[in-house]
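The structure appears right after this line, and notes come after that.
Residue numbers (the numbering used here): 73 to 234.
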């Protein structure tokens, strides 16, 4: 299974748009994961209209309609792998251990909020932040993630969009 992963789109704001390279990868995926901060319900609708199913959570700056429609956290079985999604994974210190405790059945947790691409592994458990495709902030570039799930294993990679 091929999964496209984004977070922190923060649209609308100025002339910001999701880059075409990101949209193309989302359309080609079998599942889209968004780890929150769509901002507007129109952005949620745009991503839902791309075709693949959407697994998503709301973030801390999402409009009330987005918050009503999406949970704060979600877990899903994707084949023989279990993926959890949350927006804010908390402070860096102790993050992987904390997320392992919060999601004991998950093989991996996807999160956003910081806009900083991150991938950490510990004893078969993984955490992954795709970065933001629209607002890099302190990150070196705008980014998204892709995951391939095969035989119960999740393999993550970052895709630089700049």
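Heads up, the beta-carbon is just placed ideally off N, CA and C, and yes, glycines get one too.
Buried or exposed (CB count within 10 angstroms, at least 16 for buried), residue 162: exposed
Residue range of the beta strand (DSSP E) that includes residue 147: 145-150
The beta strand (DSSP E) with residue 168 in it runs from where to where? Per DSSP, residue 168 lies in no beta strand (DSSP E) segment; the continuous alpha helix (DSSP H) that holds it begins and ends at 167-174.
What is the residue span of the beta strand (DSSP E) that residue 193 lies within? 190-194
Residue 178: which of 184, 185 and 154 sits nearest, CA to CA? 154
Going by DSSP, name the residue or residues bridged to residue 111. 83
Proximity of residue 109 and residue 133 at Cβ, strictly below 8 Å: yes
Reference residue 145; option with closest CA among 137, 174, 121 and 124: Checking every option, the nearest Cα to that of residue 145 belongs to 174.
Considering only their Cβ atoms, is the gap separating residue 166 from residue 188 smaller than 8 Å? Their beta carbons are not under 8 Å apart, which means residue 188 does not touch residue 166 by this criterion.
Neighbour-count burial assignment, residue 234, 16 or more Cβ in a 10 Å radius: exposed
Looking at the structure shown, is residue 133 part of a helix, part of a strand, or coil, going by DSSP? Residue 133 sits in coil when the DSSP states are folded into three classes, being neither helix nor strand.
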